[in-house]
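Right, one structure below, let's go through it.
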């Protein structure tokens, strides 16, 4: 972990992500090990055309550059148990082309007077779900974005009340309740069951 970690409730510590812990958390089986959080970074057919090994290499490159980490991690008892991807919105071209974002119109397109960062994905290890990890991750993501110059943090959560059949594969962008509890406000509900939410980071 980095020296900038923060202790939260439930014995959870959060910090800017480091590659070895991300690699261990994502593992070798399951959707994280196939996607490597590249779905929103690779628009159109590029995602399907990019093998998982190349997606992994692309995410690792994010850690090898000079910019801030592309996300935050949650730790429990010294082991990484959760990841939240958060980067400047321009890093996610698929979000900019998404139905929810386009339907939001000017409310989402506005930059809020400064840089907009997007919370695009959550990964929580089995056995640690529904235990406060996602809440801690979102708070850490906002803090990470703010520390790196964000004026606004944006999310694209699902509202399970409108999508009662939504399973884990649908909820990786988080739930509406999670974001509302963190102080985010809805700026668009143009797509049923999907919201665009914002929080001023300043």
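In UniProt numbering, the protein residues as written are 1 to 202. We put the CB at the ideal spot given by N, CA and C, even for glycine. Please read all numbers here as calculations on a predicted model, not as lab measurements.
Can you tell me whether residue i is helix, strand or coil according to DSSP?
| i | result |
| --- | --- |
| residue 93 | helix |
| residue 189 | strand |
| residue 87 | strand |
| residue 27 | coil |
| residue 36 | coil |
| residue 10 | helix |
| residue 113 | Reliability of the predicted coordinates at residue 113 is poor, the pLDDT of 48 falling under 50, and the value obtained from them is presented with this limitation in mind. Coil, per DSSP. |
| residue 122 | strand |
| residue 135 | helix |
| residue 15 | strand |
| residue 46 | helix |
| residue 171 | coil |
| residue 163 | coil |
| residue 74 | strand |
| residue 143 | helix |
| residue 177 | helix |
| residue 21 | helix |
| residue 128 | coil |
Using 8 angstroms for Cβ pairs, my map puts residue i next to residue j. What's the rounded Cβ distance?
| i | j | result |
| --- | --- | --- |
| residue 91 | residue 172 | Not really, about 17 angstroms apart at Cβ, beyond 8 angstroms. |
| residue 182 | residue 133 | In fact, because the Cβ distance is near 14 angstroms, the residues do not count as touching under 8 angstroms. |
| residue 166 | residue 158 | 5 angstroms |
Could you check which residue in the options has the C-alpha nearest to that of residue i?
| i | options | result |
| --- | --- | --- |
| residue 16 | 194, 148, 201 | 148 |
| residue 218 | 135, 201, 64 | Residue 218 cannot be examined here, being either before or after the span of the chain that is shown, 1 to 202. |
| residue 43 | 21, 14, 22, 97 | 97 |
| residue 38 | 11, 65, 95 | 95 |
| residue 27 | 72, 93, 124 | 124 |
| residue 198 | 89, 99, 131 | 89 |
| residue 69 | 116, 80, 145 | 145 |
| residue 192 | 164, 201, 200, 185 | 164 |
| residue 139 | 180, 33, 78 | 180 |
| residue 13 | 82, 103, 87 | 82 |
| residue 19 | 30, 29, 36 | 36 |
Assuming residue i is part of the alpha helix (DSSP H), what are its boundary residues?
| i | result |
| --- | --- |
| residue 104 | 99-104 |
| residue 55 | 52-64 |
Would you give the residue range spanned by the beta strand (DSSP E) that residue i belongs to?
| i | result |
| --- | --- |
| residue 155 | 152-155 |
| residue 197 | 194-200 |
If we count Cβ pairs, one from each stretch, closer than 8 angstroms, do we get three or more for the region 21-41 versus the region 52-59?
-> yes
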